[in-house]
Each structure stands twice: as C-alpha cells, then as structure tokens.
Amino acid sequence: MALERSEVIVTPTVMWFRRDLRLEDNPALVAAGKASQSGKVVPLFVLDPMFLTRSGAPRLAFLFRSLRDLNDQMSGSLVIRIGDPVDVVAQVANEVGATEIFAAKDFAPYGQ
C-alpha cells in the first residue's frame, strides 16, 4: 500500500537520561527534539540493578528526589524502568517506534 501525500510517517526519539538530569541547556535533549520527526521525545531513565545494590541510602534518596523533580518538570512523562540499560533502552525505543536514541556523554567510569 503506497502512502498518500498527506500521510507522513513520524517517529519519536528517545532521550535516555543518565547522570545529567537537566532540562535546560542539555545538548542531548536539544538534539533529540530537533531529530524527532513528530516533535515527540520520550524521556527515559533506567535504574540499573547493579547501581541500586552498590549505592547507599543517601545517594539513592538523592537520585529518587531528582527523578521525581525531573518527572514533575516533564508533566509526568518520564519513563522509568529497572534493568540492564542496554536491554531496556532498546526495548523502550522499540515500544515507541523510535529510530534514534540520544544520551549525554558520561565521563564517569561507570557510565562508559
């Protein structure tokens, strides 16, 4: 079936938030928005079980507060999943039909 001129295939992009949870002045988020054909960016944060087991209560409390704040700033659209980031990011991209994934470069040893 051929597409008619008025039918345009639009795909969202996925913005994978890692350590940099900023909305303002976030180059990866800006790039995700520009690349999205539909204008829709699916914000994603993946909780790695390895990180959860290696982090103390104060660090986790700070992370959870930061994620809650980010979700509030995004009107509740932040997708949060638990699992191996390699698998989860690909799964979410597949679920939403995204063909591109954006993330800020992480210079810490854990994030590489």
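Heads up: the sequence shown is residues 9 to 120, going by our numbering.
The beta-carbon is built from N, C-alpha and C at its ideal position, and this holds for glycine as well.
Closest by C-alpha distance to residue i, when choosing among the options
i	options	result
F59	N34, F72, G47, V50	F72
G84	G64, A101, L52	L52
G91	P57, M82, S74, G64	P57
A111	R76, A40, L75	A40
A43	A69, M23, D28	M23
R27	N102, A98, I109, S74	S74
Same chain only: Cβ atoms within 6 Å of residue i, ignoring 5 sequence neighbours per side
i	result
T107	T19
V54	R89, P93, V96
K48	P20
V38	none
Endpoints, alpha helix (DSSP H) assigned at residue i
i	result
T61	57-62
R89	Taken as a continuous stretch (DSSP letters only), R89 belongs to no alpha helix (DSSP H), being part of the beta strand (DSSP E) at 87-90.
D95	93-104
G41	35-43
S74	65-81
Neighbourhood of residue i by C-beta distance below 7 Å, restricted to the same chain and skipping five residues each side
i	result
V87	V50, P51, L52, V100
Q120	Caution applies to Q120, whose pLDDT of 48 falls short of 50 and renders its modelled position unreliable; the model cannot decide the point.
N79	L86
Start and end residues, beta strand (DSSP E) containing residue i
i	result
V22	21-25
Cβ shell of residue i (< 8 Å), same chain only, five flanking positions each side left out
i	result
Q81	L31
G105	T19, P20
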